[in-house]
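Beneath this line is the structure, given in structure tokens, with notes to follow.
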Amino acid sequence: WIPLSDQDEKKRKALSKTEAFPYGVFALRDSNVSTVPGSLSLHDALCWFATIRGWIAVLCYLGGDKNSVKPYIPVWDPLNTFWLAGSDGLLWAAHHRWASCEEIKELYGPKVVQGAEDKTGRVLLSEVWDKEEHGIIIGSAYAARTKHGLEHVPVLIMPCGSTPLIQSEFSA
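The working numbering puts the first residue of the sequence shown at 58, with every later residue one more than the last.
Below you can see the structure in the form of structure tokens.
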């Protein structure tokens with residue numbers, strides 16, 4: 058029998074809370090996207106892309122204020138993800154997706170959409186992160202650009218298993 062001190066108990070409780078935090082953040086993320094049609098849980102999305110694409114790309118950014126955490130953890134389709142790596146990790150990463158004009162108007166205002174939509178009423182939205190800024194590009198112009206306060210690109214891009222990097226449908 059080894060007696061435990063109160064100090065050890067405090068350290069264990071603090072460590073336990075630290076270990077529980079990511080699980081709570083992931084659960085909150087899944088809860089926030091559960092009402093969005095077509096959204097998958099973090100686990101399901103990562104499993105699908107790892108299996109089908111052989112790569113995963115996930116952005117992990119925590120926003121909020123002193124009293125709340127707002128996780129922003131989209132799983133990006135590696136086929137529509139672009140990046141530049143340096144000797145010390147990512148220099149920037151970007152993801153392209155098609156969005157409806159209505160979604161863009163709701164998020165960034167009606168002026169942003171003018172002239173950016175295609176024949177079907179969709180708009181190309183590009184999300185770009187570098188070591189200092191986060192930007193949203195609609196068509197070919199920035200709709201939003203902010204300093205994120207991190208000193209790194211908060212994106213994880215990695216192969217799953219022994220899958221090689223396939224850069225397009227036509228070349229490897």
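Every residue, glycine too, gets a C-beta built ideally from N, C-alpha and C.
Assigned with DSSP and collapsed to three states, Leu182 falls in strand. Here Gly120 carries a strand assignment [DSSP, helix/strand/coil].
One alpha carbon belongs to Leu103, the other to Gly218, and they sit about 14 Å apart. With fewer than 16 other Cβ atoms from the protein chains shown falling within 10 Å of its own Cβ, Arg69 counts as exposed. By alpha-carbon distance to Ser98, the top candidate from Asp87, Phe106 and Thr108 is Asp87. 8 Å or more divides the Cβ of Gly178 from the Cβ of Ser144. Taken through DSSP and simplified to helix, strand or coil, His152 comes out as strand.
Excluding its 5 nearest sequence neighbours in each direction, Tyr199 has C-beta neighbours in its own chain below 8 Å: Gly192 and Ile193, listed in chain order. Within a 10 Å sphere around the beta-carbon of Val93 sit fewer than 16 other beta-carbons, which makes this residue exposed.
A straight-line Cα-Cα distance of about 30 Å links Leu207 and Thr220. With fewer than three CB-CB distances shorter than 8 Å, the segment 149-163 does not count as touching the segment 118-126.
Shortest Cα-Cα distance from Gly146 to any of Leu213, Leu116 and Leu222 involves Leu213. With a beta-carbon spacing of about 5 Å, His152 and Glu184 fall inside the 8 Å limit used to define contacts.
For Lys204, the beta-bridge partners assigned by DSSP are Glu190. Taking the CA atoms as reference points, Trp186 sits about 31 Å from Leu72. Residues Glu190, His191, Gly192 and Ile193 of the same chain have their beta carbon placed closer than 8 Å to that of Arg202, with the five preceding and five following residues left out of the count. DSSP places Ile214 in the strand class (E or B) of the three-state scheme.
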